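Enquirer: Numbering (my numbering), first residue to last: 8 to 335.
We put the CB at the ideal spot given by N, CA and C, even for glycine.
Please read all numbers here as calculations on a predicted model, not as lab measurements.
I am attaching a structure below and will ask some questions about it afterwards.
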């Protein structure tokens with residue numbers, strides 16, 4: 008059976024429910040902990056794309072963990088996933104917060120936990136996606152051990168080699184510019200130069216301060232130089248952010264000992280069009296889906312009911328068991 012057929016049958020089974028199988032009604036599985044999937048990676052590596060792919064395999068809803076995309080506004084500059092790209096998958100904490108009020112790690116922990124409870128409450132899988140690893144750390148390694156006591160989590164890391172990623176980041180900033188980035192940024196220019204709170208911390212806002220401050224007082228040549236300087240600073244600072252994000256992932260993986268599954272998407276970024284899409288599916292989307300399937304259906308948090316005489320749902324131990332469970 009192909010992976011696509013396996014997943015198609017797998018997602019027809021509710022994550023937590025009574026289901027008929029071979030004429031018998033299986034007991035409700037007793038879940039000690041709920042399951043949560045995290046999609047991590049540096050900026051521009053394809054995290055949002057992977058989260059949508061996973062949501063098409065499993066009944067899911069997505070929680071944004073990008074600390075800038077949480078704010079309303081600057082959709083181009085912050086590279087928010089569009090409504091069309093969301094493909095009808097519910098998104099939480101995406102463009103929902105006042106851009107002038109700081110959204111802290113504590114705020115994220117509170118709001119994301121509430122979203123997780125809401126999502127799992129109607130049988131869906133929460134997928135948390137974003138590049139702000141400090142938010143994820145604050146959620147998972149909270150002082151009260153609240154998250155780990157209530158949830159099991161699976162971490163997927165979309166990685167791209169540094170030279171390839173840097174070239175793509177520069178290309179993406181150019182695309183933002185061509186898509187109307189300047190007009191989007193202009194209302195967020197602050198004459199006092201305070202870019203320390205809310206959405207004004209976004210890469211692009213402080214970098215364009217000199218341009219907006221001087222554009223009305225300089226000639227066209229100088230204006231062009233200021234514009235080129237601002238765009239170049241955006242590219243450099245986005246690259247610095249990517250390196251910082253990778254450093255944080257390394258810390259979580261090798262110091263805090265998080266179990267993180269790395270997916271190398273580098274070959275995808277060397278291709279274009281249909282070939283890139285096919286490569287993404289083969290080396291990122293499908294392997295990720297299998298990792299999540301094993302996490303959900305081969306997890307130690309699923310236990311048999313001991314209070315009923317009906318047939319119990321056994322914990323699958325292998326991929327073949329997963330397929331058998333999916334087709335019963």
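Quick check on the DSSP output: what are the complete beta strand (DSSP E) runs of length 3 or more inside the region 194 to 279, in order along the chain?
Expert: Fully enclosed beta strand (DSSP E) runs of 3 or longer: 267 to 271.
Enquirer: Name the two residues that bound the continuous beta strand (DSSP E) containing residue 121.
Expert: Your numbering for residue 121 matches position 114 in the chain shown. No beta strand (DSSP E) holds residue 121; the alpha helix (DSSP H) holding it covers 112 to 128.
Enquirer: To the nearest angstrom, how far is the alpha carbon of residue 238 from that of residue 179?
Expert: If you number the chain shown from 1, residue 238 lands on position 231. If you number the chain shown from 1, residue 179 lands on position 172. Each residue's alpha carbon lies about 11 angstroms from the other.
Enquirer: With a 10 Å radius around its C-beta and 16 neighbouring C-beta atoms as the bar for buried, classify residue 110 as buried or exposed.
Expert: Start at 1 with the first residue of the chain shown, and residue 110 comes out as number 103. Buried is the call here.
Enquirer: Do you know how far the Cα of residue 76 is from the Cα of residue 113?
Expert: Counted from its first residue, the chain shown places residue 113 at position 106. Counted from its first residue, the chain shown places residue 76 at position 69. C-alpha separation (whole angstroms): 17 angstroms.
Enquirer: Quick one: grab the DSSP three-state call for residue 150.
Expert: Here residue 150 is taken as the residue at index 143 of the chain shown, counted from 1. Looking at residue 150 - three-state DSSP - the assignment turns out to be coil, as it is neither helix nor strand.
Enquirer: Cutting at 7 angstroms between CB atoms, please list the residues of its own chain near residue 149, excluding the five before and the five after it.
Expert: Mapped onto the chain shown, residue 149 falls at position 142. For residue 149, where only same-chain residues beyond five positions count, the Cβ hits under 7 angstroms are 116.
Enquirer: Three-state secondary structure (DSSP) at residue 42?
Expert: Here residue 42 corresponds to residue number 35 of the chain shown, with the count starting at 1. Reduced to three states, the DSSP call for residue 42 is strand.
Enquirer: Taking only the alpha-carbon atoms, compute the straight-line gap between residue 198 and residue 176 and give it to the nearest angstrom.
Expert: Counting from one through the chain shown, the residue named residue 198 turns up at place 191. Counting from one through the chain shown, the residue named residue 176 turns up at place 169. Their Cα atoms are separated by approximately 28 angstroms.
Enquirer: Our contact map puts residue 270 next to residue 163 with C-beta atoms below 8 angstroms; I'd like the distance itself, whole angstroms only.
Expert: Mapped onto the chain shown, residue 270 falls at position 263. Mapped onto the chain shown, residue 163 falls at position 156. Confirmed, about 6 angstroms.
Enquirer: Would residue 68 and residue 96 qualify as a contact pair, given that the criterion is a beta-carbon distance under 8 angstroms?
Expert: Residue mapping note: residue 68 aligns to position 61 of the chain shown, counting from 1. Residue mapping note: residue 96 aligns to position 89 of the chain shown, counting from 1. The answer is yes: Cβ separation under 8 angstroms.
Enquirer: Helix, strand or coil: which one does DSSP assign to residue 160?
Expert: Your numbering for residue 160 matches position 153 in the chain shown. It is a strand residue.
Enquirer: At the level of alpha carbons, what is the spacing between residue 145 and residue 277?
Expert: Position 138 of the chain shown, counting from 1, holds the residue named residue 145. Position 270 of the chain shown, counting from 1, holds the residue named residue 277. Computed Cα separation, rounded: 35 angstroms.
Enquirer: Taking Cβ to Cβ, would you say residue 195 is nearer than 8 angstroms to residue 81?
Expert: Reading the chain shown from its first residue, position 188 is the one you call residue 195. Reading the chain shown from its first residue, position 74 is the one you call residue 81. In contact: residue 195 and residue 81 (Cβ atoms closer than 8 angstroms).
Enquirer: Please report the distance separating the alpha-carbon of residue 182 from that of residue 170.
Expert: Taking the chain shown and counting its residues from 1, one reaches residue 182 at position 175. Taking the chain shown and counting its residues from 1, one reaches residue 170 at position 163. Spanning the two alpha carbons is a distance of roughly 19 angstroms.
Enquirer: Output the distance between the C-alpha atoms of residue 61 and residue 292, rounded to the nearest integer angstrom.
Expert: Position 54 of the chain shown, counted from the start, is the residue given in the question as residue 61. Position 285 of the chain shown, counted from the start, is the residue given in the question as residue 292. One C-alpha to the other measures close to 7 angstroms.
Enquirer: How many Å lie between residue 220 and residue 231 at the Cα?
Expert: For the purposes of this step, residue 220 is identified with residue 213 of the chain shown, where counting begins at 1. For the purposes of this step, residue 231 is identified with residue 224 of the chain shown, where counting begins at 1. Computed Cα separation, rounded: 14 angstroms.
Enquirer: Using a Cβ-Cβ cut-off of 6 angstroms (strictly less than) and excluding sequence neighbours within five positions of residue 298, which residues of its own chain qualify?
Expert: Counted from its first residue, the chain shown places residue 298 at position 291. Within the same chain, residue 298 has close Cβ partners 268.
Enquirer: Thinking just about the alpha-carbon of each residue, which of 215, 286, 130 and 50 is nearest to the one in residue 192?
Expert: Within the chain shown, the letter at position 185 stands for residue 192. Among 215, 286, 130 and 50, the Cα nearest to that of residue 192 belongs to 215.
Enquirer: Indicate whether residue 54 and residue 46 have their beta-carbon atoms separated by less than 8 angstroms.
Expert: Taking the chain shown and counting its residues from 1, the one referred to as residue 54 is at position 47. Taking the chain shown and counting its residues from 1, the one referred to as residue 46 is at position 39. In contact: residue 54 and residue 46 (Cβ atoms closer than 8 angstroms).
Enquirer: By Cβ distance below 6 angstroms, which residues in the same chain neighbour residue 213 in space, the five residues on each side in sequence not counted?
Expert: As a first step, residue 213 must be located in the chain shown, where it is residue number 206. Excluding residues within five positions, the ones whose Cβ falls inside 6 angstroms are 202.
Enquirer: Look up residue 181 in the DSSP assignment and say whether it is helix, strand or coil.
Expert: Locating residue 181 in the chain shown gives position 174, where the first residue counts as 1. Note: residue 181 maps to helix in three-state DSSP.
Enquirer: So does residue 221 have its beta carbon nearer than 7 angstroms to some heavy atom of the ligand NAP?
Expert: Here there are no bound small molecules, and the ligand NAP is not part of this structure.
Enquirer: Buried or exposed, going by whether 16 or more other CB atoms sit within 10 Å of the CB of residue 104?
Expert: Within the chain shown, residue 104 is the residue found at index 97, counting from 1. Buried: at least 16 other Cβ atoms inside 10 Å.
Enquirer: Just checking my contact of residue 245 with residue 50 at CB under 8 angstroms: how many whole Å lie between their CB atoms?
Expert: Numbered from its first residue, the chain shown carries residue 245 at position 238. Numbered from its first residue, the chain shown carries residue 50 at position 43. Indeed they touch by this definition, with Cβ atoms about 6 angstroms apart.
Enquirer: Determine the DSSP secondary structure at residue 91, reduced to helix, strand or coil.
Expert: If you number the chain shown from 1, residue 91 lands on position 84. Looking at residue 91 - three-state DSSP - the assignment turns out to be helix.
Enquirer: Consult DSSP for residue 166 and reduce its assignment to one of helix, strand or coil.
Expert: Position 159 of the chain shown holds residue 166. Three-state DSSP puts residue 166 in a strand.
Enquirer: Can residue 241 and residue 210 be called in contact, C-beta distance under 8 angstroms?
Expert: Position 234 of the chain shown, counted from the first residue, corresponds to residue 241. Position 203 of the chain shown, counted from the first residue, corresponds to residue 210. Their beta carbons are under 8 angstroms apart, which means residue 241 touches residue 210 by this criterion.
Enquirer: Measure from the alpha carbon of residue 139 to the alpha carbon of each residue in 284, 290 and 250, then state which is nearest.
Expert: Taking the chain shown and counting its residues from 1, the one referred to as residue 139 is at position 132. It is 250.
Enquirer: Identify every residue that forms a DSSP beta bridge with residue 132.
Expert: As a working note, residue 132 is residue 125 in the chain shown. The partner list for residue 132 (beta bridge, DSSP) reads 67.
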